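K.L.:
Right, I'll just put the structure down here and ask away after.
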Amino acid sequence: VYSQLMAPSIQLPATYFTGQPLSQVPPPSSSLSPSNRVSRVVHLRNIPSDMVEMEIVQLCSPHGPITNMLLLKGKNQAFVEFEEEVAATSIVRSLETIPIQIRGKTIFAQYSTHSELKTEKKGDSNGNNENSSGNLSSTTSTLDISSSTQQSPNCVLRVIIENMLYPVTLDILYNVFARYGKVLRIITFNKNNTFQALVQLSEATSAQTAKAALENQCIYNGCCTLRIDYSKLSTLNIKYNNDKSRDYTNPNLPAGELTLEQQLSLGYIATAAATVPGSMPSLLAASSPFLPYHLAAANPMAAFFTHPSAALTASQQDLSLLAGDALTQSLNPYMPSLASLTGLPTSISPMRLQLAQSTPVILVSNLDEQKVNPDDLFTLFGVYGDVLRVKILFNKKDNALIQYSETQQAQLACQHLDKVKWFDRIMRVTPSKHTTVQMPKEGQPDAGLTKDYSHSTLHRFKKPGSKNYLNIYAPSSTLHLSNIPPNVTAQSLQDAFKDAGYDVKAFKFFPKDHKMALMQLGDGEEAIDALIKMHNYKLAENAHLRVSFSKSAI
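Below, the structure written as structure tokens:
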């Protein structure tokens with residue numbers, strides 16, 4: 001059963017909804033039957049046939065906590081059960097006063113004749129029916145955000161915060177995830193008494209980087225642990241910019257009426273924020289002392305619940321994720337300047353979590369200078385993004401600088417290739433202090449150690465939203481082969497790798513698509529070498545082999 005989405009710390013009195021006394025709310029239109037009494041269950045009609053449960057949630061949740069839902073796609077209808085009748089009244093009258101269209105269809109809402117929704121397991125009934133107790137039952141399972149996730153990388157992340165001893169605001173989440181890519185939208189809610197959020201980034205690769213870096217990390221030391229999955233949603237639809245949701249691509253959205261519930265809730269959060277120990281190292285160390293100001297940025301009412309001195313309880317060295325006032329301003333236009341509020345220096349050294357710098361250039365060290373060349377580095381590091389330039393340092397040839405087309409690609413390379421063994425050496429991959437790789441000046445000795453690949457035809461991610469972003473994995477002994485012509489046999493592919501000196505342990509075509517196959521070699525180090533040599537191997541006149549690392553073994 002779907003539990004409440006937006007559980008407040010203090011319930012809103014039944015005399016209010018959406019911030020207005022019921023006496024000030026327009027009366028329902030005459031189209032609503034007088035016999036149709038107020039119910040916690042709302043019947044939605046004329047919804048698009050392709051509408052999904054999460055869209056229903058996004059439409060209804062601003063009006064109050066939802067406890068259950070039933071979507072009847074075949075009938076273009078849905079039933080939504082709210083925790084309180086006042087929430088049902090809110091959405092019914094809201095849609096009457098200001099009709100909403102979704103994909104060309106005007107949504108109609110009315111009170112259901114059912115007093116509650118009862119969901120039965122499959123096999124308990126023969127279909128959608130009204131049971132003897134007068135409650136609506138269904139074989140359709142109700143919405144559960146916990147299960148609305150997937151394994152494949154996606155730009156929308158579902159974030160669960162466990163052991164939440166201290167408040168986590170929308171601005172805190174923004175600044176955590178903005179280090180890994182452009183944050184577009186955030187929705188926060190409560191489910192099963194657990195604080196959760198949906199965070200949409202601009203690219204799936206950014207979400208993948210964020211998930212890898214932040215999974216199981218604590219926002220505050222020892223508490224507020226992040227559990228992150230990929231959501232099945234492709235985008236988030238935001239109606240209001242407030243303390244529960246925000247669309248960073250559309251700052252002009254209304255905040256909605258500030259309800260008594262929100263005012264009291266903000267007061268609770270701000271008071272709790274002032275109690276966070278200032279000396280606590282954290283993912284978000286700067287966010288704990290400055291939390292009231294984050295709230296003020298989201299809603300002016302928050303400023304009434306704390307005094308500026310409460311923000312100065314943290315020691316200077318605790319600031320980590322928000323290190324650098326200019327960076328904070330560039331990341332989140334909703335936040336005020338931290339330096340202007342506190343007088344603290346704008347440059348603070350980071351603490352426990354070393355966050356990736358905003359640079360598309362990485363430094364690769366501990367290479368075998370006798371065996372590595374720019375082309376090999378281009379091919380290997382090109383698995384994780386489009387490499388524009390490679391420079392092996394002239395005076396330190398076991399080091400190289402690699403420039404990607406995007407910062408997120410550089411972060412993926414650090415994530416997947418750092419501490420990987422190559423040519424019997426443990427390679428180190430870290431963000432560089434440089435933002436570009438310079439080509440040698442005319443007449444400057446270089447010995448071919450610097451190359452420009454800006455116009456290479458071998459870039460894997462030239463197309464925006466390329467599916468290659470969904471198949472990025474760390475080096476392993478199993479290779480994924482693709483672009484295989486129909487006339488190429490398993491034996492000929494294995495022979496090609498064996499002739500190149502590789503020990504093929506196993507091979508298999510994909511069952512339904514012989515354009516792709518898996519090949520298992522002796523170990524990950526051999527697979528790296530094979531990928532470098534066999535990627536773009538000519539199989540036919542107009543067909544070249546594509547090689548990447550696989551997440552699966554044979």
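In UniProt numbering, the protein residues as written are 1 to 554. Don't be surprised by glycine CBs; every beta carbon is placed ideally from N, CA and C. No experiment lies behind these values; they were computed from the predicted model shown.
Evaluate contact between the stretch 363-379 and the stretch 392-401, counting only Cβ atoms and requiring at least three cross-stretch pairs below 8 angstroms.
P.N.:
With the cut-off at 8 angstroms, the stretch 363-379 and the stretch 392-401 touch.
K.L.:
Measuring only the C-alpha atoms, how far is residue 555 from Lys512?
P.N.:
Here the chain covers residues 1 to 554 and nothing more, so residue 555 does not appear.
K.L.:
Going by C-alpha to C-alpha distance, which of Leu545, Leu393 and Pro486 sits closest to Pro445?
P.N.:
What you label residue 445 is simply residue 445 of the sequence shown in a count that begins at 1. Nearest option by C-alpha distance: Leu393.
K.L.:
Go ahead and label Gly74 buried or exposed: buried means 16 or more other beta carbons lie within 10 angstroms of its beta carbon, across all protein chains shown.
P.N.:
Taking the first residue of the sequence shown as position 1, residue 74 is located at position 74. So Gly74 ends up on the exposed side.
K.L.:
Quick check on this structure: which residue in Asp418, Ser552 and Val86 has the alpha carbon closest to the alpha carbon of Val41?
P.N.:
As a working note, residue 41 is residue 41 in the sequence shown. When only C-alpha atoms are compared, the closest one is Val86.
K.L.:
Could you say which of Tyr473, Ser61 and Arg246 lies nearest to Leu184 if we only look at CA atoms?
P.N.:
As a position in the sequence shown, residue 184 is number 184, starting the count at 1. Of the listed residues, the one whose Cα sits closest to Leu184 is Arg246.
K.L.:
Would you kindly report the start and end of the unbroken beta strand (DSSP E) that includes Met69?
P.N.:
For the purposes of this step, residue 69 is identified with residue 69 of the sequence shown, where counting begins at 1. Counting along the chain, the beta strand (DSSP E) containing Met69 begins and ends at Ile66 to Leu72.
K.L.:
Runs of 3 residues minimum, wholly inside the stretch 443-531: which ones carry the beta strand (DSSP E) assignment?
P.N.:
Correct list: 450-452, 478-482, 506-510 and 513-520.
K.L.:
What are the start and end residues of the alpha helix (DSSP H) that includes Tyr174?
P.N.:
What you label residue 174 is simply residue 174 of the sequence shown in a count that begins at 1. Leu170 to Phe177 is the extent of the alpha helix (DSSP H) around Tyr174.
K.L.:
Report the three-state DSSP secondary structure of Lys105 (helix, strand or coil).
P.N.:
Position 105 of the sequence shown, counting from 1, holds the residue named residue 105. DSSP places Lys105 in strand when its eight states are reduced to three.
K.L.:
At 3 residues or longer, and completely inside the stretch 358-420: list those beta strand (DSSP E) runs for me, N to C.
P.N.:
Qualifying beta strand (DSSP E) stretches, in chain order: 361-365, 387-392 and 400-404.
K.L.:
Check the C-beta distance from Tyr230 over to Ala207 and give it rounded, since I have them as a contact under 8 angstroms.
P.N.:
On the sequence shown, residue 230 is found 230 positions in, with the first residue counted as 1. On the sequence shown, residue 207 is found 207 positions in, with the first residue counted as 1. 7 angstroms between Cβ atoms; contact.
K.L.:
The alpha helix (DSSP H) that contains Thr225, what's its start and end?
P.N.:
Indexing the sequence shown from 1 puts residue 225 at position 225. First-last for Thr225: Cys223 to Ser231, but that is the beta strand (DSSP E), not the alpha helix (DSSP H).
K.L.:
Would you mind sorting Ala553 into buried or exposed? The rule is 16 or more other CB atoms within 10 Å of its CB.
P.N.:
To locate residue 553, count along the sequence shown from 1; it is residue 553. With fewer than 16 other Cβ atoms within 10 Å, it is exposed.
K.L.:
Is there contact here, the stretch 533-541 with the stretch 489-507, by at least three beta-carbon pairs under 8 angstroms?
P.N.:
Flag = yes, the stretch 533-541 and the stretch 489-507 touch.
K.L.:
Could you check whether Gly104 and Glu83 sit closer than 8 angstroms to each other, using their CB atoms as the reference points?
P.N.:
Stepping through the sequence shown from its first residue, residue 83 is reached at position 83. Stepping through the sequence shown from its first residue, residue 104 is reached at position 104. The answer is no: Cβ separation not under 8 angstroms.
K.L.:
Flag Val41 as yes if its beta-carbon sits less than 8 angstroms from any beta-carbon of chain B, otherwise no.
P.N.:
No chain B is present in this structure, which holds just one protein chain.
K.L.:
Buried or exposed for Met439, please, with buried defined as at least 16 other CB atoms from any protein chain shown within 10 angstroms of its CB.
P.N.:
As a position in the sequence shown, residue 439 is number 439, starting the count at 1. Answer is exposed; the Cβ neighbour count stays below 16.
K.L.:
In chain order, what residues of the same chain have a beta carbon less than 7 angstroms from the beta carbon of Pro475, not counting five sequence neighbours either side?
P.N.:
Residue mapping note: residue 475 aligns to position 475 of the sequence shown, counting from 1. Excluding positions up to five away in sequence, the list reads Val420, Gly524, Ala527, Ile528 and Phe549.
K.L.:
Should Ala517 and Phe507 be called a contact, given that it needs their Cβ atoms to be closer than 8 angstroms?
P.N.:
For the purposes of this step, residue 517 is taken as residue 517 along the sequence shown, with counting starting at 1. For the purposes of this step, residue 507 is taken as residue 507 along the sequence shown, with counting starting at 1. Yes.
K.L.:
Hey, out of Ser49, Asp171 and Thr436, whose CA is closest to Leu363's CA?
P.N.:
Here residue 363 is taken as the residue at index 363 of the sequence shown, counted from 1. For the residues Ser49, Asp171 and Thr436, the minimum Cα distance to Leu363 belongs to Thr436.
K.L.:
Using a 10 Å radius around the Cβ and a threshold of 16 neighbouring Cβ atoms, would you call Val156 buried or exposed?
P.N.:
As a first step, residue 156 is located in the sequence shown; it is residue number 156 there, counting from the start. Per the 10 Å Cβ criterion, buried.
K.L.:
Return helix, strand or coil for Pro62, following the three-state DSSP convention.
P.N.:
Within the sequence shown, numbered from 1, the residue matching residue 62 stands at position 62. Of the three classes helix, strand and coil, the one that applies to Pro62 here is helix, per DSSP.
K.L.:
Check each candidate in Arg93, Asp424 and Lys433 and name the one with the smallest Cα separation from Ala410.
P.N.:
By 1-based counting over the sequence shown, the position of residue 410 is 410. The option with the nearest alpha carbon to Ala410 is Lys433.
K.L.:
Going by DSSP, what residue range makes up the alpha helix (DSSP H) through Leu214?
P.N.:
To locate residue 214, count along the sequence shown from 1; it is residue 214. It spans Ala204 to Leu214 - the alpha helix (DSSP H) in which Leu214 sits, taken as one unbroken run.
K.L.:
Whose CA, out of Ile107, Gln196, Ile66 and Val361, lies closest to the CA of Ala88?
P.N.:
The residue labelled residue 88 in the question sits at position 88 within the sequence shown. The candidate whose alpha carbon is nearest that of Ala88 is Ile66.
K.L.:
Which residue comes first and which comes last in the beta strand (DSSP E) that contains Glu162?
P.N.:
In the sequence shown, the residue the question calls residue 162 occupies position 162. Unbroken beta strand (DSSP E) run through Glu162: Val156 to Glu162.
K.L.:
If you count every other CB in all the chains shown that lies within 10 Å of the CB of Glu162, and 16 or more means buried, which is it?
P.N.:
In the sequence shown, residue 162 corresponds to position 162, counting from 1. Answer is exposed; the Cβ neighbour count stays below 16.
K.L.:
If we ignore side chains and look at the alpha-carbon of each, how far apart do Ile472 and Ser152 end up?
P.N.:
As a working note, residue 472 is residue 472 in the sequence shown. As a working note, residue 152 is residue 152 in the sequence shown. Those two C-alpha atoms are separated by around 10 angstroms.
K.L.:
Can you give me the start and stop residues for the alpha helix (DSSP H) that Ser94 sits inside?
P.N.:
Here residue 94 refers to the residue found at position 94 when the sequence shown is read from its first residue. Per DSSP, Ser94 belongs to the alpha helix (DSSP H) from Glu85 to Thr97.
K.L.:
Are Leu165 and Gly181 closer than 8 angstroms when you measure CB to CB?
P.N.:
Your numbering for residue 165 matches position 165 in the sequence shown. Your numbering for residue 181 matches position 181 in the sequence shown. Contact: no.
K.L.:
Which residues in the same chain as Leu380 place their Cβ atom closer than 6 angstroms to its Cβ, once the five residues preceding and following it in sequence are excluded?
P.N.:
Looking up residue 380 in the sequence shown gives position 380. Taken in chain order, the residues that qualify are Ile532.
K.L.:
List the DSSP bridge partners of Leu201.
P.N.:
As a working note, residue 201 is residue 201 in the sequence shown. Looking at the DSSP assignment, Leu201 forms a beta bridge with Val183.
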